[in-house]
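Undergrad: Using the UniProt record's numbering, you'd call the opening residue of the sequence shown number 1 and step up by one each time.
All C-beta atoms in this analysis are idealised placements derived from N, C-alpha and C, irrespective of residue type, glycine included.
Bear in mind that the values here come from a model prediction, so they are computed numbers and not experimental data.
Dropping a structure here in structure tokens format, bear with me for questions.
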Amino acid sequence: MAGLTRADMQKYGRSSCWISAVFLMLAAHVIAQTDDNNNVLTVADANWTLILHGEWMIKFYAPWCPACQHLQTDWESLGRQSESLGISVGRVDVTQQPGLSGRFLVTTLPTIFHAKDGNFRKYVSSRTIEDIQAYVEKKKWAMVEPVPGWKSPSSLLMSGMANLFRLSVWIRQIHTYLTNTLGIPSWGSYVIFAIITLFMGLMLGLMLVLIADCIWPSRPKYREDKTVVIVKEEVSEEEVEDIMMEDKRMSDLDNESERASGDESPEEEGQTSDGAASGSDQPPPEGAAESSVRKRKPQGSNTTEGT
Numbered sequence: 001m002a003g004l005t006r007a008d009m010q011k012y013g014r015s016s017c018w019i020s021a022v023f024l025m026l027a028a029h030v031i032a033q034t035d036d037n038n039n040v041l042t043v044a045d046a047n048w049t050l051i052l053h054g055e056w057m058i059k060f061y062a063p064w065c066p067a068c069q070h071l072q073t074d075w076e077s078l079g080r081q082s083e084s085l086g087i088s089v090g091r092v093d094v095t096q097q098p099g100l101s102g103r104f105l106v107t108t109l110p111t112i113f114h115a116k117d118g119n120f121r122k123y124v125s126s127r128t129i130e131d132i133q134a135y136v137e138k139k140k141w142a143m144v145e146p147v148p149g150w151k152s153p154s155s156l157l158m159s160g161m162a163n164l165f166r167l168s169v170w171i172r173q174i175h176t177y178l179t180n181t182l183g184i185p186s187w188g189s190y191v192i193f194a195i196i197t198l199f200m201g202l203m204l205g206l207m208l209v210l211i212a213d214c215i216w217p218s219r220p221k222y223r224e225d226k227t228v229v230i231v232k233e234e235v236s237e238e239e240v241e242d243i244m245m246e247d248k249r250m251s252d253l254d255n256e257s258e259r260a261s262g263d264e265s266p267e268e269e270g271q272t273s274d275g276a277a278s279g280s281d282q283p284p285p286e287g288a289a290e291s292s293v294r295k296r297k298p299q300g301s302n303t304t305e306g307t
């Protein structure tokens, strides 16, 4: 009896597995048909460049957002009318595509963008299906200023913003894994992230220092000084003796020049004395003779007193 019950249980389990698999396939087929009927394309990081061509209406939403749920019916009807309007309709789940929410800098939900050949405009009018249709049919978007080039989703700045949003979601997932799965307290998770941040900062600083050292090296001056020291150490004794002999010769020449200048000075004194003598031969004027006599008299008196 026990063997029969096990066999029956195995058959029942196999049949239930087949039934569940068929049910899932039918559900997926129904969802695909509804998406095809609505003509609403799910935009993701892998295919977001499609909206750079043609005319699009894109909605950013979250499943938990009440306003997004209220807009869902009108957005599906807009997708069914997309062919008659000549546009494409898309939607982005920000919980699944954080990179696109950062690329478009989405801060409120739901957010609607109009795209025309790579030019993006934010839709800020009423969210009813009639107003959205009029916005497209009457080309009211032409009166709205497009997003600047530096804030365009295809710009380098917004690409970096998308990577930053992905990093933030990745950090949040790691924090949830550390606290919920591993049981680490919140402050412990923060300490781990702080240590990782400091380590990465040190590594980045070291890399920058190495790159700067490779581009602007500071070693050539040290090498030149070292070569000069080596040259001075390799001077031979013979060269030192030659240098000393040259110094001695220079000193001898200086002494000779000083002697020559000393010999010339007496001759100059003699010439000056001769000149004075020649000048004395001439008769002095009368006034000069009287003054000289007057000056000589006190000297004579002094000499007589001294004697």
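1) Would a C-beta distance cut-off of 9 Å place M161 and A115 closer than the cut-off?
2) Rounded to a whole number of angstroms, what is the C-alpha to C-alpha distance between R127 and L85?
3) Report the option in K151, M203, L78 and F193 whose CA atom is closest to the CA atom of V89.
4) Tell me, to the nearest whole angstrom, how far the beta carbon of V92 is from that of V43; I am working on the premise that it is less than 8 Å.
5) Which runs of the alpha helix (DSSP H) spanning at least 4 residues fall entirely within the stretch 128–214, listed in chain order?
6) Taking only the alpha-carbon atoms, compute the straight-line gap between I184 and G102 and give it to the nearest angstrom.
7) Taking three-plus beta-carbon pairs below 8 Å as touching, is the stretch 187–198 in contact with the stretch 128–136?
8) Looking at the strands, I want to know which residues DSSP matches up with F60.
9) Give me the DSSP bridge partner(s) of F104.
10) Short of 8 Å in beta carbon distance, which residues of its chain neighbour D74, apart from the five on each side in sequence? Order them along the chain.
11) Once DSSP output is grouped into helix, strand and coil, what is the label at N119?
12) Just the C-alpha distance for V169 and T107, rounded to the nearest angstrom, thanks.
13) Should L109 and V94 be called a contact, given that it needs their Cβ atoms to be closer than 9 Å?
14) Who are the near neighbours of P63 in its chain, counting only those whose CB is closer than 6 Å to its CB and skipping five residues on each side?
15) Would you mind sorting W150 into buried or exposed? The rule is 16 or more other CB atoms within 10 Å of its CB.
16) What do you get for V147, buried or exposed, if any count of 16 or more other CB atoms within 10 angstroms of its CB means buried?
17) Spatial neighbours of R259 within its chain, please: CB distance less than 6 Å, with the 5 preceding and 5 following residues excluded, ordered by chain position.
18) Ends of the beta strand (DSSP E) at T42?
19) Quick one: Cα of F113 to Cα of S218, how far?
20) Provide the residue(s) that pair with E55 in DSSP beta bridges, ordered along the chain.
21) Classify L167 as buried or exposed, calling it buried when 16 or more other Cβ atoms lie within 10 Å of its own Cβ.
22) List the endpoints of the continuous alpha helix (DSSP H) containing D45.
23) Measuring straight from C-alpha to C-alpha, what distance separates I51 and K122?
24) Short of 8 Å in beta carbon distance, which residues of its chain neighbour residue 311, apart from the five on each side in sequence? Order them along the chain.
25) Is the CB-CB distance between G118 and S152 below 9 Å?
26) Under 8 Å by Cβ, that's how I've got F60 and F104 pegged, so tell me the actual separation to the nearest angstrom.
27) Counting only the same chain and skipping the five closest in sequence on each side, list residues whose C-beta sits under 8 Å from that of I171.
28) Do D45 and Q97 have their C-beta atoms within less than 9 Å of each other?
TA: For this structure:
1) Not a contact, by the Cβ cut-off of 9 Å.
2) Rounded to the nearest angstrom, the two C-alpha atoms are 17 Å apart.
3) Closest option to V89, Cα to Cα, is L78.
4) The Cβ separation is near 5 Å, so the contact holds.
5) Whole alpha helix (DSSP H) segments, 4+ residues: 129–137 and 156–176.
6) When rounded, the separation of the alpha-carbon atoms in I184 and G102 is 30 Å.
7) Not touching, per the Cβ criterion.
8) BP columns for F60 point to V92 and T111.
9) According to DSSP, F104 bridges with nothing at all.
10) Answer for D74: R127, T128, I129 and I132, listed in chain order.
11) DSSP places N119 within a strand segment (E or B) once states are collapsed to three.
12) Taking the straight line joining both Cα atoms gives about 15 Å.
13) Result yes, Cβ atoms of L109 and V94 sit closer than 9 Å.
14) If the five residues before and after P63 are omitted, its C-beta is found closer than 6 Å to no C-beta atom of its own chain.
15) By the beta-carbon neighbour count (other beta carbons within 10 angstroms, threshold 16), W150 is exposed.
16) When all chains shown are included, V147 counts as buried.
17) The beta carbon of R259 sits closer than 6 Å to none of the beta carbons in its chain outside the five residues before and after it.
18) Element bounds for T42: V40 to T42.
19) Cα to Cα, the separation comes out at about 54 Å.
20) Bridge pairing for E55: K116 [DSSP].
21) L167 comes out exposed.
22) Per DSSP, D45 lies in no alpha helix (DSSP H) and is assigned neither H nor E.
23) Going by the C-alpha atoms only, they are around 14 Å apart.
24) Here the chain comprises residues numbered 1 to 307, so residue 311 is not present and cannot be evaluated.
25) It is a contact, given that the beta carbons lie within the stated cut-off.
26) Contact holds; Cβ gap of about 7 Å.
27) Answer for I171: F193, listed in chain order.
28) Annotated as proximal: D45 and Q97, with beta-carbon spacing under 9 Å.
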